[in-house]
Each structure stands twice: as C-alpha cells, then as structure tokens.
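Sequential numbering of the sequence shown, starting at 159, is according to the numbering used here. Using N, Cα and C, we set each Cβ at its ideal position, and we do this for glycine too. All figures in this text were calculated on a predicted structure; none of them were measured in a lab. First up is the structure itself, then whatever we jot down about it.
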Amino acid sequence: MNHLRAFFLVTFLVALLPLAAAGVVRQPIKPVRPAPFKTCTLGELRLMSDASGKVRFAQYGQQYPDNTLRVRQSYDRFGRLTGVSVAWSGFAGQMVDARASYDMRGQLIKETGFRARGFTTPLKSYVKPLPKGAKC
Numbered sequence: 159m160n161h162l163r164a165f166f167l168v169t170f171l172v173a174l175l176p177l178a179a180a181g182v183v184r185q186p187i188k189p190v191r192p193a194p195f196k197t198c199t200l201g202e203l204r205l206m207s208d209a210s211g212k213v214r215f216a217q218y219g220q221q222y223p224d225n226t227l228r229v230r231q232s233y234d235r236f237g238r239l240t241g242v243s244v245a246w247s248g249f250a251g252q253m254v255d256a257r258a259s260y261d262m263r264g265q266l267i268k269e270t271g272f273r274a275r276g277f278t279t280p281l282k283s284y285v286k287p288l289p290k291g292a293k294c
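Put into structure tokens, the structure is as follows:
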C-alpha cells in the first residue's frame with residue numbers, strides 16, 4: 159500500500175515539472191540609473207533638486223567646539239515634507255540620532271532611533287523652511 163502511494167506521489171510530481179518550468183522566462187538585466195540630482199547651497203541649507211528642479215532633499219549642520227548637529231530633510235515631488243533625520247552629539251556623547259517620516263498632510267507616521275534622556279523636542283522642530291521658489 160505504501161509503495162502504491164509513493165508511486166502516485168512521484169508520478170504526480172513528475173507531471174508537474176513541465177508546468178513549473180513553463181513559467182520561467184529569462185530577460186536581460188536592465189541597468190537602473192539613479193535620478194540625476196543637482197546640488198546647490200542657499201545660505202546654510204544644502205539643497206538637492208531632481209531633474210525637474212524640485213527640491214527633494216535639504217540638509218544643514220552646525221558645529222560648535224563641543225557638539226555637532228546634522229539635519230536632513232526629504233520632500234516628495236510635490237514639495238511636501240516626507241522625512242527628517244537628526245543626528246546631534248556633544249561632549250557627553252550621542253544625544254539624538256533619530257528619524258521621522260510624515261504623511262502627505264505632514265502628520266507624524268513613525269519615529270525611530272535614539273534620544274538621550276531629557277531630549278524630547280519633536281524632530282519636526284529641527285526642520286528649516288525652504289526658501290520661496292528654491293531651485294538648483
């Protein structure tokens with residue numbers, strides 16, 4: 159009885175092999191090129207614009223003798239803030255190393271990363287507004 163069951167199982171699996179191989183189609187790998195970005199500096203903001211001239215990233219930093227702050231802002235193609243990354247360290251070590259993402263209405267979706275005790279300022283407060291009509 160077990161031999162008969164094994165025979166039918168093997169026969170069934172062998173019958174499925176041509177069906178499994180029929181769906182395999184090999185296509186050449188197409189190289190993916192990153193979108194070309196232009197970089198420029200307006201005041202203390204470093205901007206990166208896409209091919210259409212819309213600002214997609216902005217970053218700024220401050221460095222003092224005993225601490226460093228780096229902020230990176232990202233925008234969608236409509237100019238809405240989609241993310242903020244803040245890294246702030248000082249003589250006492252890392253104080254903030256966090257990232258936040260926002261929906262199309264600007265509401266916080268998720269925040270991840272590290273904050274030292276007592277550092278509760280919302281990441282959105284580190285965002286510097288883009289100059290009117292900013293383009294690179």
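A straight line joining the alpha-carbon of L203 with that of R184 spans about 46 Å. Taking a C-beta distance under 9 Å as the contact criterion, Y218 and R238 do not qualify as a contact pair.
Burial check for Q252: the Cβ neighbour count within 10 Å stays below 16, so the residue is exposed.
Going by DSSP, K268 is part of the beta strand (DSSP E) stretching over L266 to R273.
Membership of V242 in the beta strand (DSSP E) is indicated by the continuous run L239 to G248. Rounded to the nearest whole angstrom, the CA to CA distance from R273 to D234 is 26 Å.
Residues Y218, V244 and Y284 of the same chain have their beta carbon placed closer than 6 Å to that of V229, with the five preceding and five following residues left out of the count. The three-state secondary structure of S283, taken from DSSP, is helix. Secondary structure note for T278: it is in no beta strand (DSSP E), with a DSSP letter that is neither H nor E. Residue pairing from DSSP places Y233 in a beta bridge opposite L239.
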